[in-house]
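Everything in the sequence shown is counted per the UniProt record's numbering, starting at 1 for the first residue and increasing by one. Notes follow the structure.
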Amino acid sequence: MTEQSANNQKKLDVNSLFPSKGDPRRPPEWYGRALFYAVIAVYLGWFAFTSWGKITYIVFDIIIALFLALAVEPLVIRLIKHGWKRAVASVTCLVGLLVIVVVLLGLFGNMFVQQLISMVKGLPDLYNQFAALIAEKTQFKLPEMNDLGGEIMKNVKGSWVTDFAGQAVSTTMGVLGQILNFTTAIMVAFYISIAGPKLRRSLCQWIAPHSQRRFLMVWTVVQGQISGFLFSRSILAAINAACTAVFLMIIKVPYWLPLALFCGVVSQFVPTLGTYIGGALPVMFAWGERGLGYGIGVVVFITVYQQIENLLLSPKISERTMDLNPCIAFLTVLLFGSLFGALGAFLALPITASIQVLLKVSMKRYPLVDMPLMNDPKPKKKSKMVEAADAINEHVIKPVSDRIPRQAKGSSGHVTFDDQIKELQHQVYDYPDDATQPVSEDSPTVAIPKNVFDAQHTPHGSGLDALRAQSADAAGAAHDEDGHPGASGEDSTDAGKDSATDNPRSRWR
C-alpha cells in the first residue's frame with residue numbers, strides 16, 4: 001500500500017488543474033477575473049504604446065469636437081428652453097459660429113496678415129529705439145540686432161518657399177489632411193451636440209443605477225466647468241479685443257489689429273500674468289511708435305478697462321467662476337502646454353477646475369488638529385505702518401467696498417455649486433439637506449427653556465413629533481367641522497388663544 005501511494009503521488013493529477021468547488025486547491029472566485037482584466041490592461045497598454053502615433057490626430061479631433069460641443073451647450077440649452085428642438089438649436093449654434101469665424105476672416109484676415117508682416121519688419125527699428133533709450137539713461141548697452149525683420153522675411157521667402165516647391169505633393173496632402181481633420185472635428189461636434197441626453201442615456205444603460213448617478217454627477221460638473229469657461233472667456237476676450245482695438249485706432253497706434261487680438265486672447269486665457277503679458281505688447285508699440293505719453297495712455301486704458309471687467313463684465317458673464325489657486329493655475333497651464341501643446345494649455349484651466357470640484361464633492365474631509373503650524377503666530381505689537389494700513393482699510397477701503405453692488409464683488413477665487421450638483425451629491429452619497437453646510441461659530445441660536453418639552457407641554461410625544469402634532473392641533477382649532485373658519489369672531493379669538501397657548505414658542509418671545 002505504501003508503494004502504491006507513493007506511485008500515485010508521482011503521477012500527474014489532471015483534476016488538480018481544474019479543482020471543483022470546495023477543494024482547497026481551487027483559487028478564489030475573483031482570481032480568474034483579475035487575470036482577465038490584467039491581460040486586457042496589458043494589451044491596451046501595448047496597443048497605446050505602439051499605435052498612439054497613428055491615432056493621435058483622431059484623438060485630438062474628438063477632443064476638439066467634444067470641447068466645441070460643450071462650448072456651444074449654454075446657447076443650445078437657452079434655445080431649447082424657448083421651444084427649439086435640440087437638433088435645430090445645435091445646428092444653428094455651430095453654423096452660426098462658423099459663419100462668424102468666416103466673416104471675421106474675410107473682413108480682417110488680409111488686414112491682420114499685412115499688419116503682422118509690417119509689425120515683424122518694424123521690430124528692428126523698435127528694438128534700436130529701446131536700445132538707444134536704455135543707453136542714454138543708463139550705462140548698459142543692448143547688443144545690436146541687424147535687420148531681424150529682413151532675416152525672417154528672407155526665411156519665409158527662401159527656405160519655406162523652396163521647401164514648398166520641392167515638396168508640392170506632400171504639402172498638398174498636408175493641407176488636405178488639415179481640412180479633413182477640421183471637417184472631422186466639426187462633424188463629430190455636430191453629432192455630440194445633437195445627441196445630448198441620448199448620448200448620456202446610451203452610456204448610462206450599461207451602468208448600474210448607483211454608478212449612473214456618479215457618472216451623471218461627473219458629467220454635470222465637467223460640462224458646467226468647461227462650457228462655462230469657454231463660453232465666458234471667449235465673450236470676454238472678444239470684448240477686450242474690440243475695446244483695445246478701438247482705443248488703439250483712436251490714438252493712431254499702428255498694427256492695432258494684431259495687438260488687440262493678442263491682448264484680448266492672452267489676458268483671458270493665461271492665468272495670473274495674462275493681463276500684464278497681454279498689455280505689455282501694445283504698451284511697447286505705442287511707446288516706440290508714438291512716444292512715452294501714448295504708452296502711458298495705453299497703461300491707463302488697460303488698468304481702467306481691467307477694473308470695469310472685474311467689477312461689471314466678469315460677474316455678469318462668468319456666473320460660475322472657478323476656484324483655482326493662481327499659482328496652481330499658472331503651473332497647470334505650463335504643464336498641460338508642455339504635454340499637449342497649445343490645445344492643452346488652452347484647456348488646462350477648465351480640466352483642472354473640474355478635477356478640483358470632483359475631489360471636493362467625492363472626498364471626505366476631517367477636522368484639523370490644533371497645532372502651531374496650522375496658523376501664523378499672533379502679533380504681539382503692531383508697527384506704525386500696520387496701524388496706518390488698518391486705518392486706511394477701516395475708513396477708506398471698507399466703506400467703498402460696502403457700496404459696491406453685491407454681484408460685482410465676485411472674483412475668480414470662488415466656485416459655486418448649482419442646485420443640480422447638490423441634488424446629485426445628495427442622491428449619490430445620501431447626504432442630508434444640511435450636511436454640506438458647515439456650522440459656523442456665528443450661527444444664530446435660540447434658547448429653549450427646560451420645561452418646553454416636558455410631558456405636560458408635549459402630550460403627543462416628545463421632540464419634533466410633539467411640535468408637529470401641536471401645530472396640527474393649532475391649525476385645526478381655527479376651522480369648524482365643515483373645514484371652514486368659525487362663524488363668530490369670539491370662536492376665532494378663542495382658537496387663536498388656544499393656538500398661542502399650545503405653541504411653546506409663544507412663551508419664548
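We treat Cβ as the ideally placed atom computed from N, Cα and C, and that holds for glycine.
Check: Taking the beta carbon of LEU324 as the centre, do at least 16 other beta carbons fall within 10 Å, making it buried, or is it exposed?; Outcome: buried
Check: Do you know whose CA, among ILE77, LEU292, LEU133, SER234, lies nearest THR92's CA?; Outcome: ILE77
Check: Under 8 Å: do the stretch 208–219 and the stretch 234–253 share three or more Cβ pairs, one atom per stretch?; Outcome: no
Check: Indicate whether the contact test is met: 3 or more Cβ pairs, each with one atom in the stretch 249–263 and one in the stretch 218–232, closer than 8 Å.; Outcome: no
Check: Within a Cβ cutoff of 6 Å, which residues of the same chain sit near VAL266, ignoring the five residues on either side of it in sequence?; Outcome: GLY274, ILE277, GLY278
Check: Going along the chain, which residues of its own chain have a beta-carbon closer than 7 Å to the beta-carbon of LYS380, five neighbours each way excluded?; Outcome: none
Check: Indicate the three-state DSSP secondary structure (helix, strand or coil) for SER383 in the structure shown.; Outcome: coil
Check: On a CA-only basis, which of HIS395, PHE269, ILE100, ALA241 is nearest PRO326? Give me that one, please.; Outcome: PHE269
Check: Looking at GLN115 and PRO350, is the spacing between their C-beta atoms short of 8 Å?; Outcome: no
Check: Among the candidates VAL283, ALA195, VAL253, whose CA atom is the shortest distance from the CA of GLU73?; Outcome: ALA195
Check: For LYS198, which three-state DSSP category applies?; Outcome: helix
Check: Decide if GLU394 is buried, meaning its Cβ has at least 16 other Cβ atoms within 10 Å, or exposed.; Outcome: exposed
Check: Checking 8 Å against the spacing of the C-beta atoms, do TYR255 and MET119 come in under that value?; Outcome: yes
Check: Do you know how far the Cα of LYS54 is from the Cα of LEU180?; Outcome: 15 Å
Check: Between which two residues does the alpha helix (DSSP H) containing VAL300 stretch?; Outcome: 292–308
Check: Given VAL222, which residues of its chain have a CB within under 7 Å of its CB, disregarding the five upstream and five downstream residues?; Outcome: SER354
Check: Buried or exposed: which applies to PRO282, given that a residue is buried once 16 or more other Cβ atoms fall within 10 Å of its Cβ?; Outcome: buried
Check: Whose C-alpha, out of GLN356, LEU94, VAL101, is nearest the C-alpha of LEU79?; Outcome: LEU94
Check: Helix, strand or coil, according to DSSP, for LYS85 in the structure here?; Outcome: coil
Check: Between LEU331 and GLY297, what straight-line distance do the alpha-carbon atoms span, to the nearest angstrom?; Outcome: 32 Å
Check: Kindly indicate which three-state DSSP category residue 561 falls into: helix, strand or coil?; Outcome: Because the chain is modelled from 1 through 509, residue 561 falls outside the range shown and cannot be assessed.
Check: For TYR294, is the classification buried or exposed, using 16 other Cβ atoms within 10 angstroms of its Cβ as the cut-off for buried?; Outcome: buried
Check: Count the other CB atoms within 10 Å of the CB of ASP61; is the residue buried (16 or more) or exposed (fewer)?; Outcome: buried
Check: I'd like to know whether the C-beta atoms of PHE67 and LEU347 end up nearer to each other than 8 Å.; Outcome: yes
Check: Leaving out the 5 sequence neighbours to the left and right, which residues in its chain are closer than 6 Å to THR184 when beta-carbon positions are compared?; Outcome: ASP61
Check: How is ARG33 classed by DSSP in three states: helix, strand or coil?; Outcome: helix
Check: Measuring only the C-alpha atoms, how far is PHE130 from LEU199?; Outcome: 57 Å
Check: Restricting to Cα atoms, I'd like to know which of ILE186, VAL400, VAL333 is closest to ALA65.; Outcome: ILE186
Check: If you drop the 5 nearest sequence neighbours on each side, which residues of the same chain put their C-beta closer than 7 Å to that of GLU289?; Outcome: VAL253, PRO254
Check: Roughly how many angstroms lie between the CA atoms of ALA241 and LEU203, to the nearest whole one?; Outcome: 40 Å
Check: Which whole-angstrom value is the C-beta distance of residue 520 and VAL361, which I expect to be below 8 Å?; Outcome: The displayed coordinates of the chain run from 1 to 509. Any statement about residue 520 would go beyond what the structure contains.
Check: Only counting runs of 3 or more residues, tell me where the beta strand (DSSP E) segments fall wholly within the stretch 34–98, in order along the chain.; Outcome: none
Check: Per DSSP, what kind of secondary structure is SER234 in: helix, strand or coil?; Outcome: helix
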